[in-house]
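K.L.:
If you read the sequence shown in this note's numbering, its first letter stands for residue 154, the second for the next number, and so on.
Just so you know, even glycine gets a beta-carbon here, dropped at the ideal spot from N, CA and C.
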Amino acid sequence: MDELLTTFRRAGLQIVERTDGTPRALPWAADHTAYRIIQEALTNVRKHAGPVPVTLALHYDPDALTVTVDNDRPATTPIDGTTAHGILGMRERVTAVGGNLLAGPRPTGGFRVAAVIPATS
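What follows is the structure in structure tokens.
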């Protein structure tokens with residue numbers, strides 16, 4: 154994860170990380186899904202919003218991990234959350250492990266990707 158975030162920081166994203174709950178090892182499918190969601194969400198921020206501040210929040214519950222990627226700047230390229238390939242791919246990944254994904258503009262501006270990923274084996 155550190156290497157992934159370093160790559161995006163070098164590309165100009167200002168990433169602030171927040172973790173709630175007790176971090177723990179996750180089953181492989183949950184861990185891999187979370188990594189790919191973070192990767193795709195940050196790629197979308199870089200591509201559509203540019204070098205902006207981003208908050209990456211990980212919330213560990215006993216039976217799930219919630220990954221949230223927020224940026225505060227409106228997208229420079231319009232994003233349609235129902236047809237965008239990156240968002241569709243994220244939704245498919247999360248659904249495949251029994252979770253759910255919400256992606257779209259935030260009421261206060263910017264964009265949010267939030268995935269709830271079951272963390273049970």
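Could you say which of Asp184, Val247, His201, Val269 lies nearest to Ala217 if we only look at CA atoms?
P.N.:
Closest option to Ala217, Cα to Cα, is Val269.
K.L.:
Pull up the DSSP beta-bridge partners for Gln192, would you.
P.N.:
Looking at the DSSP assignment, Gln192 forms no beta bridge with any residue, so it has no partner.
K.L.:
Buried or exposed: Asn253, going by 16 or more other Cβ atoms within 10 Å of its Cβ?
P.N.:
Asn253 should be labelled exposed.
K.L.:
Given a cut-off of 8 angstroms, decide if Ala272 and Leu255 are closer than it, judged by their beta-carbon atoms.
P.N.:
No. Outside cutoff.
K.L.:
Are the stretch 188-200 and the stretch 159-173 touching, with three or more C-beta to C-beta distances below 8 angstroms?
P.N.:
Yes, they touch.
K.L.:
Go through its chain and collect everything with a Cβ distance to Thr175's Cβ below 7 angstroms, but skip five positions before and after it.
P.N.:
Hits under 7 angstroms: Tyr213.
K.L.:
Taking Arg162 as part of the alpha helix (DSSP H), name the residues at either end of that continuous run.
P.N.:
Looking at the DSSP string, the run of the alpha helix (DSSP H) that includes Arg162 is 155-163.
K.L.:
Beta-carbon within less than 6 angstroms of Val222's beta-carbon, same chain only, minus the 5 sequence neighbours each way: which residues are those?
P.N.:
Answer for Val222: Ala194, Leu209, Val266, listed in chain order.
K.L.:
In whole angstroms, what is the alpha-carbon distance linking Glu156 and Tyr188?
P.N.:
Cα-Cα distance, rounded: 11 angstroms.
K.L.:
Roughly how many angstroms separate the alpha carbons of Ala182 and Ala249, rounded to a whole number?
P.N.:
Going by the C-alpha atoms only, they are around 9 angstroms apart.
K.L.:
Looking at the unbroken beta strand (DSSP E) that takes in Gly174, where does it start and where does it end?
P.N.:
Taken as a continuous stretch (DSSP letters only), Gly174 belongs to no beta strand (DSSP E), as it is neither H nor E.
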